[in-house]
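Participant: Structure incoming, see below.
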Amino acid sequence: MWNLSGYDSEAVGFDSVAVKKTEDASTGTQTTEFFEAAVATQTVAYKDGSSMTSPTEDLTTKDVKYSAANLNAFLQRVMPGMLEQLDENKENAYESSESDEDNEILTAKLVQELKVREVQGSGDQALSVLDLSWSNTGNSLAVSLGQKQHENWCTDNGLIRFYTVKVSAGDKLVHSMDINEKNCVSVLKYHPSVAALFVYGTVTGEIVICDLRNNDELQMTSPSGTHGSKRVTALSWLESTTAETFFAIHINNTGKRRASTDRILVSSGSDGTIVAWHVNADNKTFEAIVTYSVNGARKMAAPDISCFDFINTFPLRPTGDKISNDIFVVGTNVGNLFLCNIKNAQSAAHSGHVDPVSDVLESHATCILAVTFHQDKPGVFITLSIDSELRIYNVKQASPLKIISLDYHVSCVGWLPYNPWLAVVGTEAEMRLCDVACGREVHVDGLKGTGGVCKLAVNQIGGCRVAAGDSEGCVKIWDLPRCSHTPGDDLDI
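The opening position of the sequence shown corresponds to residue 1 in full-length UniProt numbering, with each subsequent residue numbered one higher.
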């Protein structure tokens with residue numbers, strides 16, 4: 001020990017402490033990402049309130065006697081206005097609930113009335129308008145007159161009367177020529193691009209091609225027994241795109257090259273057959289390419305075909321919107337509706353015939369009067385049945401897009417040009433317009449009570465001009481307005 005001096009008298013010592021060497025240690029922690037979520041809630045407080053009347057309040061109804069004279073005077077003042085309002089509500093029952101600013105006042109104009117029945121057959125029998133057709137330029141109109149119904153065989157003479165617009169007559173239709181037939185002419189049709197090419201069919205199955213440029217030797221007639229010598233129910237000149245399919249079939253069958261003036265005509269008969277014809281008026285060619293027997297492959301009874309129509313082609317449509325151009329739809333006298341295909345026809349039981357049916361669509365309950373494809377909506381068509389049911393179909397599905405039940409007797413229907421969803425309907429009292437997109441009637445001034453319509457022909461050139469024929473042999477020419485305001489597209493097509 002050390003000896004120390006100073007203030008301390010004794011030495012002070014400390015115990016030694018051993019120092020241990022320690023290793024460095026480090027720790028680390030890792031945290032996961034933290035999200036904060038919140039849910040907002042809103043509470044609603046309800047408060048009930050009640051009131052109580054004082055028992056001293058007199059709630060009894062006092063018996064007041066009104067003067068009969070004053071009451072009568074009051075009713076005389078208000079009743080006329082009430083009745084007028086009720087009549088107005090009844091007339092506008094089918095009009096939309098849009099504002100008055102959106103509702104257009106549409107007015108039809110009667111251009112001309114043709115008394116076609118002035119030239120009629122023997123006897124006093126009434127001659128009805130059986131069919132109408134406009135030429136491709138809209139300057140000529142063909143009218144068929146005859147008996148609408150026959151008990152057994154047709155023994156009446158048929159008459160086709162032609163009218164042409166003359167500038168010297170104030171741009172009115174003037175009688176130009178007649179064609180007489182030994183039987184009633186059930187259907188007729190101008191060619192859509194060749195004004196002089198005209199065809200008609202009779203109730204005995206004959207089909208006659210006419211070249212109206214040449215008064216001599218102007219007719220070519222189908223072979224005997226066409227359509228089983230039964231009524232020709234519909235005729236259609238095919239546009240070039242659809243006609244090419246039949247020309248290809250014809251070349252494969254015969255090896256003959258087609259000419260630039262060759263045309264394709266399709267006819268249907270009440271015996272259940274549809275025939276595609278090769279027509280060339282210059283070479284006087286009129287021959288069958290293929291004969292279809294509807295339901296022939298199913299070995300079922302042949303349907304009584306009442307109408308048919310081919311799909312309209314749209315070459316400029318986007319690829320996704322395009323639909324095959326070899327489709328047509330057939331309607332029958334008992335309401336059946338068949339979707340048919342030109343290329344994929346099956347062999348029928350009848351020798352040499354093929355069955356074009358690819359699908360059976362949802363049928364009507366009664367006879368189908370008309371089948372008409374839309375001019376601008378690919379694959380969309382309307383049908384009209386004798387029980388006043390108007391349907392809209394799309395070839396992509398078997399069930400209708402919309403069913404409209406009309407409350408009046410109908411006879412015919414057609415699409416109006418320049419009006420996307422407007423159809424003109426012939427009724428027993430007048431011609432009416434129907435917006436098929438929303439299923440309502442479009443009110444047009446000037447049409448009400450103008451007379452029954454049994455046949456319609458819509459001029460697709462220039463404007464909305466419609467020829468309407470009745471059962472008394474009279475044809476009225478109407479100019480219908482263009483409807484600039486149309487409802488939204490309510491159909492899922």
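We put the CB at the ideal spot given by N, CA and C, even for glycine. Predicted model only: the values in this text are computed from it and were never measured.
(1) Go through its chain and collect everything with a Cβ distance to residue 105's Cβ below 8 Å, but skip five positions before and after it.
(2) Looking only at C-alpha atoms, which of 297, 434, 277 sits nearest to residue 404?
(3) Where does residue 479 fall in DSSP's three states?
(4) Leaving out five residues on either side along the sequence, give the residues of the same chain with a beta carbon under 6 Å from the beta carbon of residue 179.
(5) So is residue 66 buried or exposed if we call it buried at 16+ other beta carbons inside 10 Å?
(6) Just grab the DSSP bridge partners of residue 367 for me.
(7) By how many angstroms is the C-alpha of residue 436 removed from the C-alpha of residue 418?
(8) Pairing CB atoms from the stretch 280–288 with CB atoms from the stretch 334–348, are three or more of them under 8 Å?
(9) Locate the beta strand (DSSP E) running through residue 267, then write down its first and last residues.
(10) Looking at C-alpha atoms only, which residue of 393, 482, 155, 389 is the closest neighbour of residue 360?
(11) Could you say if the stretch 159–176 and the stretch 129–140 meet the contact criterion of at least three C-beta pairs nearer than 8 Å?
(12) Who are the near neighbours of residue 198 in its chain, counting only those whose CB is closer than 6 Å to its CB and skipping five residues on each side?
(13) Contact defined as beta carbons within less than 8 Å: I believe residue 273 pairs with residue 292. What is the distance between those atoms, to the nearest angstrom?
(14) Please classify residue 473: does DSSP put it in a helix, a strand, or coil?
(15) Buried or exposed: residue 77, going by 16 or more other Cβ atoms within 10 Å of its Cβ?
(16) Nearest-angstrom Cα distance between residue 461 and residue 371?
(17) What residues in its chain sit with their C-beta under 6 Å from that of residue 96, if we drop five residues either side in the sequence?
(18) Under 8 Å, do residue 476 and residue 113 count as touching if we go by C-beta distance?
(19) Can you grab the Cα-Cα spacing for the pair residue 185 / residue 452, in whole Å?
(20) CB-CB under 7 Å to residue 175, same chain, minus the five flanking residues each way: which ones, in chain order?
(21) Residue 299: which of 351, 193, 248 sits nearest, CA to CA?
(22) CB residue 117 to CB residue 71, shorter than 8 Å?
(23) Could you please give the first and the last residue of the uninterrupted beta strand (DSSP E) stretch that includes residue 234?
(24) Given that a residue counts as buried once 16 or more other Cβ atoms are within 10 Å of its Cβ, and exposed if not, what is residue 400?
(25) Kindly indicate which three-state DSSP category residue 219 falls into: helix, strand or coil?
(26) If we call anything under 8 Å between Cβ atoms a contact, is residue 128 one with residue 142?
(27) Given residue 479, which residues of its chain have a CB within under 6 Å of its CB, disregarding the five upstream and five downstream residues?
(28) What residues are listed by DSSP as bridge partners for residue 333?
(29) Please list the segments of the beta strand (DSSP E) lying wholly inside the stretch 428–452, counting only runs of 3 or more residues, in order along the chain.
(30) Can you list, in chain order, the residues of its chain with a C-beta nearer than 6 Å to that of residue 243? Leave out the 5 residues immediately preceding and following it.
(31) What residues are listed by DSSP as bridge partners for residue 210?
(32) Please say whether residue 367 and residue 342 have beta carbons closer to each other than 8 Å?
(33) Tell me the rounded alpha-carbon separation between residue 306 and residue 230.
(34) Quick check on residue 200: buried or exposed, where buried means 16 or more other Cβ atoms within 10 Å of its Cβ?
(35) Determine the direct distance from the alpha carbon of residue 79 to that of residue 85, and round the result to whole angstroms.
(36) Comparing alpha-carbon positions, which option in 225, 268, 380, 326 lies nearest residue 358?
Facilitator: Taking the definition as stated:
(1) 445
(2) 434
(3) strand
(4) 160
(5) exposed
(6) Answer is none; residue 367 lacks a bridge partner.
(7) 15 Å
(8) no
(9) 263–269
(10) 393
(11) yes
(12) 190, 210, 212
(13) 7 Å
(14) coil
(15) exposed
(16) 21 Å
(17) With a pLDDT of 47 at residue 96, under the threshold of 50, the predicted position of this residue should be treated as unreliable, though the coordinate-derived value follows. Within the same chain, residue 96 has no close Cβ partners at all.
(18) yes
(19) 21 Å
(20) 161, 163
(21) 351
(22) no
(23) 232–237
(24) buried
(25) strand
(26) no
(27) 109, 111, 465
(28) Partner(s): none; residue 333 has no beta bridge.
(29) 431–435, 440–442
(30) 264
(31) 198, 219
(32) no
(33) 12 Å
(34) buried
(35) 10 Å
(36) 326
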